[in-house]
Every structure is written in C-alpha cells, then in structure tokens.
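Converting from the sequence shown to my numbering requires adding 21 to each position, the first position being numbered 1.
Quick reminder that beta carbons are idealized off the backbone N, C-alpha and C, glycines included.
Okay, structure first, notes after.
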Amino acid sequence: MAFELGFTFTTLEHRILIPQIQLDEMALVSDLLKELKPITWTDECYTGQSYVKVPLIEGSEEYKEILVDFKSRYSLQVVSISRIQHPFAFCRFKLRQWEIFRKKGTLPQEKRHYIRLGDDGNLDKLLRNNCDSRCDALSYFNNNSKFVIVAKTFMDRRFDERDSHRFPEYLIECLIESGEQNLTPLENLLSRLNL
22 MAFELGFTFT
32 TLEHRILIPQ
42 IQLDEMALVS
52 DLLKELKPIT
62 WTDECYTGQS
72 YVKVPLIEGS
82 EEYKEILVDF
92 KSRYSLQVVS
102 ISRIQHPFAF
112 CRFKLRQWEI
122 FRKKGTLPQE
132 KRHYIRLGDD
142 GNLDKLLRNN
152 CDSRCDALSY
162 FNNNSKFVIV
172 AKTFMDRRFD
182 ERDSHRFPEY
192 LIECLIESGE
202 QNLTPLENLL
212 SRLNL
C-alpha cells in the first residue's frame with residue numbers, strides 16, 4: 022500500500038511540475054517574440070499546438086518571393102503556399118544565431134532549404150518536430166509527396182547539425198501528376214536519373 026501511495030504522489034508531483042515548466046517556456050517564447058517576431062507574422066493563438074499554418078494570398082509580395090525562389094528549383098505546379106509560424110523553433114533559431122554571433126563576431130547568414138516529403142502523412146510530425154529528418158526517412162529516397170517544406174537555416178552550417186540551426190518557414194502544396202505518385206523508392210530514383 023505504501024508503494025502505491027508513493028507512486029501516486031510522485032505522479033501527482035510530476036503533473037503539477039510539468040505544466041509549470043511549459044508555462045515558463047511559453048512565457049519566455051512570448052517575451053522573445055515581442056522583440057523578434059517577423060513583420061509578416063500574424064497574431065495567432067498557439068494553445069494546444071506548436072505551430073500554425075497561415076495561407077498566403079496569391080499575388081502578395083510574400084507569396085511571389087517564395088514562388089520565384091521555388092520555381093528556380095522545382096518544376097512543380099504550386100497549389101498553395103502557407104507561412105508556418107512555429108514560435109518555439111523560430112526563437113531557438115534566433116537565439117542560436119545570436120550565440121554564434123557572440124562566439125564568432127559575425128552574424129551567420131541565412132538561406133532557405135527545401136524538403137520534399139517522402140510521405141504526405143508525415144507532414145504534421147515534421148513541422149511539429151522542426152523538420153527533423155528522422156520523422157520522414159523516406160524523403161531521402163522517395164520524394165514524390167505533394168508537400169515541400171521551406172526551412173530557414175544558416176549558410177555556413179549543416180542543416181541537420183543541430184535542431185536549433187533551422188525552423189520551418191513555409192509550406193508549399195503542389196499538384197502531382199497521377200504517374201508521379203505511388204512510386205517505389207527504386208522507381209523514383211530511376212526516374213530522377215532518367216533510367
């Protein structure tokens with residue numbers, strides 16, 4: 022009986038502490054966003070979610086900028102572009118950028134990194150987990166998804182070196198021809214090699 026009471030007490034103790042830690046983290050992120058929030062970001066409620074997708078208006082400057090950059094890399098037809106507002110990942114990226122600046126004396130340059138998913142079903146997991154490649158391992162071999170994530174990263178750092186070296190910035194949904202879908206990883210590789 023004493024074991025059960027001790028176990029219950031420990032569990033209750035953890036239930037009390039964990040929400041407090043999460044509230045403190047969100048307060049820190051909220052304070053950082055007051056200083057760092059991009060001018061393009063809209064005010065959103067993040068309760069119960071780590072990010073929001075904000076659809077961009079076709080023809081807006083932000084939409085056109087991403088579309089031009091995307092078209093220089095892919096020959097896919099774009100259906101929609103959404104801005105990803107992921108405050109925690111964004112603030113970690115900015116804090117890491119500041120840390121590198123303090124150590125090196127120069128601000129690391131930013132660039133965009135495009136990730137075409139291997140499986141549409143992994144989209145939410147990838148966005149929630151800050152584009153961690155382990156969430157969509159097939160993307161290395163079988164990237165015939167209709168989704169492309171545009172992540173911001175550092176010019177002189179490896180994309181997967183640290184979780185804080187990136188954050189999801191945009192989501193592009195593309196129109197996929199029926200022949201492009203459902204290819205096996207080998208078929209996809211052979212088609213990309215024109216074999």
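Item: Would you mind reading off the limits of the beta strand (DSSP E) that contains Q106?; Value: Q98 to Q106
Item: Taking the beta carbon of V169 as the centre, do at least 16 other beta carbons fall within 10 Å, making it buried, or is it exposed?; Value: buried
Item: What separation, rounded to the nearest whole angstrom, lies between the Cα atoms of L128 and R104?; Value: 24 Å
Item: Are the beta-carbon atoms belonging to F122 and K173 less than 8 Å from one another?; Value: no
Item: Taking 8 Å as the cut-off, decide whether the C-beta atoms of I102 and I193 are in contact.; Value: yes
Item: Apart from the five residues just before and just after K55, which ones in its own chain have a Cβ nearer than 6 Å to its Cβ?; Value: none
Item: So if DSSP puts T174 in a beta bridge, which residue, or which two residues, is it bridged to?; Value: K132 and R187
Item: Under 8 Å, do I78 and Y72 count as touching if we go by C-beta distance?; Value: no
Item: Taking all protein chains shown into account, do 16 or more other C-beta atoms lie within 10 angstroms of the C-beta of G142, making it buried, or fewer, making it exposed?; Value: exposed
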